[in-house]
Structure formats: C-alpha cells, structure tokens
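**Q** Numbering (our numbering), first residue to last: 105 to 592. Ideal placement from N, C-alpha and C gives every residue a C-beta, glycine not left out. Keep in mind that this is a model prediction, so the values were computed, not measured.
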C-alpha cells in the first residue's frame with residue numbers, strides 16, 4: 105500500500121498511507137484482549153479522539169507515508185502524580201531533568217513542535233482523560249496542565265482562568281501567521297526566475313515547441329518578461345505554442361499598450377482569428393486585455409479560448425497589497441518610491457551577485473534616485489563577469505520596475521464576452537480571502553470555470569504537477585477547436 109501511495113503522489117494524485125498502532129475504544133482489543141491500558145506489541149491502544157486528531161494532522165502534511173502509535177513504557181507506572189506529569193512533559197520535550205523547565209512558561213515557548221504536541225495530546229488523553237486542541241496545548245503552562253490533571257480534566261475554574269490568556273495567545277499566533285504569510289508572499293513576488301541569457305530577450309514572439317499541426321496558441325509571459333518559466337508546459341502542448349517576450353520594442357508605460365503591441369505581433373503569425381490566448385501570472389492581465397481589445401475590434405467571436413494560469417486582474421492587486429504592506433508604501437502610485445525600487449533592485453542583484461541583503465538594501469535606499477540605484481546594481485553585478493554589457497543589466501532593471509508599475513495601475517475597462525478558464529495552483533500566492541476562489545474572473549466575464557492543480561505558483565507549471573496543467577490545457581484547446589470545426 106505504501107508503495108502504491110508513493111507512486112500516486114509522484115504522479116500528482118492525492119493519497120496517504122497511515123501506519124496505525126493498536127487502536128483503542130473499539131474493535132478486537134477492547135472486545136477480546138482487555139481495555140485501553142492493555143499493552144499490545146509494546147504499544148498502548150490509541151484512543152479514538154487521538155486517532156481522529158492525528159488523522160486531521162496527517163491530512164495537512166505533504167508526506168505519502170506516516171505512522172501513529174503510542175509506545176508503552178514497560179518500566180513505569182501510569183503517571184498520576186505531579187512529579188510524573190512534569191517528568192512526562194520533560195521527556196517529550198527532550199529535557200532529562202524536569203526541574204529545568206519553567207512551570208509558568210507555555211509549552212510553545214519551551215520548544216514544542218507538532219510531533220511533540222501529538223505526543224503530549226496522546227499522553228493527556230490516555231493518562232488523564234483530558235482532551236485539548238493543539239492550539240490550547242501550545243498556550244498552556246505546565247502548572248495549568250497540572251491543575252487540569254488534578255481536577256480530572258473537568259475544572260471549569262482552571263479553564264476560565266486560561267481563557268483570556270488563550271485568546272491573547274491566539275491573537276498573537278494569528279498576527280505571527282500573518283507576518284509569516286506576508287513573508288512567503290513577498291518571497292514569491294520577488295523570486296526572479298531569470299538566467300544570464302534571459303535578461304534581454306531578442307525575440308518578441310517565440311515558437312516554443314516542434315508541433316506544426318493544430319490551432320496556434322499564444323502564451324503571455326510572467327513578470328520576468330521571458331518564455332523560460334513556461335517552457336516545460338509549452339514543450340508538451342499538442343498544438344503550436346508561441347510565447348511573447350518583453351523585448352526593447354515592447355512599450356513600458358501601460359498594460360493596454362503592451363496588449364496592443366502583442367496583438368500586432370500575433371497577427372503576423374496568425375492573420376485571422378479566432379485566437380487562443382493563455383496568460384500566466386502577471387501575463388494574465390495582458391492576456392485579458394488582449395482578448396477584450398480583440399472582441400471590440402475584430403468581433404465577439406474573435407477569441408476562441410482565454411485561459412489564465414494562476415493569475416487575473418485581481419491577482420496583481422493582491423500582490424500590490426502585499427508589497428504595500430511589506431514596504432509601507434502609501435499613495436496611489438509606486439513611481440519614484442525608494443522602498444519599492446530598492447526591493448526590486450535587491451532581487452535583481454541577489455539573482456546574480458553575492459551581496460549582503462540588509463546592507464545592500466540600505467545602500468540602495470541612500471541613493472538619490474532610481475537611476476542611481478540601477479547604477480549601484482550594475483556596478484555590483486558586473487563584478488561577477490557574467491555579463492559583457494552593463495546596458496543589459498540596466499535594461500533588465502528598468503523593464504522589471506516598469507512591469508510592476510504597469511500592473512499596479514491596471515484596471516480592466518471592458519468585460520470579456522464569453523468563458524474565462526482559470527487554472528490555479530492549490531498553494532497559490534494569492535489568498536481566497538482577498539480575491540475569491542476564482543481570482544475575481546467572474547466579475548469581468550460572462551462565464552467562468554476554475555481548475556485547481558496541486559503545487560504552488562511555480563511548481564504547477566515547472567514541477568511534477570505541470571503534467572496535469574498541460575493535460576487540462578490540451579483538453580481545453582482541443583475541445584474548443586473541435587467544436588468550431590463541427591460548426592463549420
């Protein structure tokens with residue numbers, strides 16, 4: 105079973121194999137072998153509430169094979185005294201001497217991790233019939249746990265005295281989670297997926313697979329402005345796949361002008377519609393704008409399929425909110441904002457040069473303007489010997505900043521008259537609380553449909569689960585093309 109589950113996970117399908125020890129409360133152990141304290145094969149029966157709690161925990165982990173059992177302490181009596189409880193907690197926390205533990209410090213501060221929490225939860229349920237949530241366990245102190253144990257786990261007084269503290273700890277934990285989530289989103293936002301040869305693309309539109317038959321389909325790049333992040337997906341498409349790239353010819357002042365430029369180039373490859381457009385991340389804004397312009401100029405039926413890959417007009421608004429929070433950016437524009445510009449320049453520099461992030465960021469902030477910050481980046485990156493021309497680095501820095509500014513001020517002026525399909529990553533950088541489960545595409549289209557693929561914003565187009573993303577794209581393009589042929 106374990107090997108089957110491992111193969112399923114490698115193929116991108118869900119599955120989990122749980123190796124349980126003896127299970128209490130029900131079944132053969134309770135009926136024929138004794139009670140919940142009977143030792144079976146060196147383990148004690150795990151009570152049903154504990155099993156269900158462990159199952160809930162396992163389902164949130166990214167591991168194909170897990171195990172849960174309670175190891176019996178063959179040489180010790182059941183922990184019923186104060187000393188035994190403290191010693192049990194100390195043992196789980198990896199401390200030999202219980203006296204070393206501060207009884208007034210909460211378990212989270214004492215180094216409790218998720219696995220330790222499960223052990224403590226099982227011990228409390230098994231030995232004291234105390235059922236607590238993992239959050240409660242993290243915030244309780246040893247003294248309060250002892251009071252609960254002494255009262256048989258039913259003392260309302262003890263629980264009431266800890267309620268306010270638990271609420272405060274929960275608020276603190278929620279605040280910490282928000283900070284951590286913001287940090288993850290920032291790392292995603294400023295993760296530069298560029299190599300040395302990608303900083304200055306030369307081909308505005310690039311054929312990215314060897315397929316010649318079938319309907320040409322046009323991909324729109326992510327914030328890096330290159331085809332590289334999408335090459336794994338495009339190479340497996342069963343139709344001719346083209347990708348736009350942000351060369352020096354591409355406008356740098358608005359999404360609308362970029363969309364117009366890409367339409368002009370697209371018509372050189374495919375003079376007449378209907379067109380098929382797929383926008384990834386930042387490219388979803390451009391792809392959406394291209395589709396609505398085409399419907400306005402060439403007719404409603406000029407766009408056969410519009411697919412967005414983990415992006416939308418609202419998706420970039422989420423990014424905007426994240427970096428505004430992270431950098432304290434205020435006002436209606438990011439133009440000439442030193443905090444924002446310094447972070448962009450740091451990300452570009454760290455991709456190619458070994459610099460101290462905090463120190464370099466301070467140095468950038470001290471520069472008199474954007475041109476001076478770019479020159480600082482150029483000076484550092486050129487020392488690596490990776491680039492022949494400083495102009496390449498200068499162009500890349502200016503282009504990256506322009507893309508963020510364009511996305512920041514973009515607001516759709518038209519609705520798409522038809523179906524927009526969103527293929528989103530399960531662990532995307534955008535939160536559903538901010539943009540909704542469909543990233544807001546139902547607000548700007550007649551109809552919307554959503555597919556969810558395992559992975560994050562990068563891995564669902566570059567990792568193992570990209571195969572599922574490709575399969576969905578192939579089916580959608582083939583389906584629309586076949587229907588059109590049937591109607592002709």
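Considering only the beta carbon of each residue, do residue 409 and residue 309 sit closer than 9 Å?
**A** Cβ atoms of residue 409 and residue 309: not closer than 9 Å.
**Q** Look at residue 384 and residue 326 and say whether their C-beta atoms are less than 9 Å apart.
**A** yes
**Q** Measure the CB-CB distance between residue 545 and residue 334 and report whether it falls below 9 Å.
**A** no
**Q** Can you tell me whether residue 509 is buried or exposed, with buried defined as 16 or more other CB within 10 angstroms of its CB?
**A** Taking a 10 Å sphere around the C-beta of residue 509, we find 16 or more other C-beta atoms and assign the residue as buried.
**Q** Beta-carbon within less than 6 Å of residue 501's beta-carbon, same chain only, minus the 5 sequence neighbours each way: which residues are those?
**A** Excluding residues up to 5 positions away in sequence, 452, 478 and 481 lie with their Cβ nearer than 6 Å to the Cβ of residue 501 in the same chain.
**Q** Taking DSSP's pairing of strands, which residues face residue 46 in a bridge?
**A** Past the boundaries of the shown model lies residue 46; the chain is included only from 105 to 592, so the question cannot be answered.
**Q** Any contact between the region 484–494 and the region 365–381? By contact I mean 3 or more CB pairs, one from each, below 8 Å.
**A** no
**Q** Which residue's Cα is closest to the Cα of residue 552: 559, 569, 566 and 528?
**A** 528
**Q** Taking all protein chains shown into account, do 16 or more other C-beta atoms lie within 10 angstroms of the C-beta of residue 203, making it buried, or fewer, making it exposed?
**A** exposed
**Q** Per DSSP, which residues does residue 141 bridge with? Please list them.
**A** Looking at the DSSP assignment, residue 141 forms no beta bridge with any residue, so it has no partner.
**Q** Who does residue 528 pair with in a DSSP beta bridge?
**A** 556
**Q** Rounded to whole angstroms, what is the Cα-Cα separation between residue 267 and residue 299?
**A** Confidence in residue 267 is poor, its pLDDT being 49 and thus under 50, which makes the residue's placement unreliable; the coordinate value appears in the next sentence. Computed Cα separation, rounded: 53 Å.
**Q** Any chance the region 314–324 sits against the region 468–476, with 3 or more Cβ pairs inside 8 Å?
**A** Output reads no: the region 468–476 does not touch the region 314–324.
**Q** Quick one: is residue 417 buried, meaning 16 or more other Cβ sit within 10 Å of its Cβ, or exposed?
**A** buried
**Q** Measuring CB atoms only, is the region 510–529 touching the region 488–499, in the sense that at least three cross pairs come out at less than 8 Å?
**A** Because the criterion of three Cβ pairs below 8 Å is not met, the region 510–529 and the region 488–499 do not touch.
**Q** Below 8 Å on the Cβ atoms is my guess for residue 526 versus residue 542; work out the distance and round it to an integer in Å.
**A** 6 Å
**Q** Taking the straight line between their C-alpha atoms, what separation do you get for residue 105 and residue 120?
**A** 9 Å
**Q** Round the Cβ separation of residue 347 and residue 511 to the nearest angstrom and send it over; I've been treating them as touching at under 8 Å.
**A** Contact flag wrong, Cβ pair sits at about 18 Å.
**Q** Using a threshold of 9 Å, state whether the C-beta atoms of residue 193 and residue 249 are closer than that.
**A** yes
**Q** So what does DSSP say about residue 312, is it helix, strand or coil?
**A** Correct three-state label for residue 312: coil.
**Q** Use the C-beta contact count for residue 125: other C-beta atoms within 10 angstroms, 16 or more gives buried, fewer gives exposed.
**A** With 16 or more other Cβ atoms within 10 Å, it is buried.
**Q** Where residue 503 and residue 329 are concerned, what is the direct C-alpha to C-alpha distance, given to the nearest angstrom?
**A** 9 Å
**Q** When DSSP builds the beta bridges, which residues end up paired with residue 245?
**A** 210
**Q** In whole angstroms, what is the alpha-carbon distance linking residue 209 and residue 188?
**A** Taking the straight line from one Cα to the other gives about 18 Å.
**Q** Tell me where the alpha helix (DSSP H) around residue 496 begins and ends.
**A** It spans 494–513 - the alpha helix (DSSP H) in which residue 496 sits, taken as one unbroken run.
**Q** Since residue 323 sits in a beta bridge, which residues does DSSP pair it with?
**A** By DSSP's assignment, residue 323 forms a beta bridge with 347 and 382.
**Q** With distances taken from CA atoms, which of 515, 114 and 221 is nearest residue 396?
**A** 515
**Q** Would you mind sorting residue 154 into buried or exposed? The rule is 16 or more other CB atoms within 10 Å of its CB.
**A** buried
**Q** What is the DSSP secondary structure of residue 522, reduced to helix, strand or coil?
**A** strand
**Q** May I have the straight-line CA-CA distance separating residue 172 from residue 226, to the nearest angstrom?
**A** 10 Å
**Q** According to DSSP, is residue 537 helix, strand or coil?
**A** In the structure shown, residue 537 sits in a helix (DSSP, three-state: H, G or I).
**Q** Alpha carbon to alpha carbon, how far is residue 441 from residue 463? Give it in angstroms, no decimals.
**A** Going by the C-alpha atoms only, they are around 19 Å apart.
**Q** Which same chain residues, not among the five before or five after residue 531, have their C-beta less than 7 Å away from its C-beta?
**A** Taking C-beta separations shorter than 7 Å and ignoring five residues to either side along the sequence, the partners of residue 531 in its chain run 559 and 560, following chain order.
**Q** Count the other C-beta atoms from every protein chain shown that fall within 10 angstroms of the C-beta of residue 461, then say buried if there are 16 or more, exposed otherwise.
**A** It counts as exposed.
**Q** If you drop the 5 nearest sequence neighbours on each side, which residues of the same chain put their C-beta closer than 7 Å to that of residue 565?
**A** 333, 334, 336, 337, 384, 413 and 573
**Q** Name the DSSP beta bridge partners of residue 123, please?
**A** DSSP lists 171 as the bridge partner or partners of residue 123.
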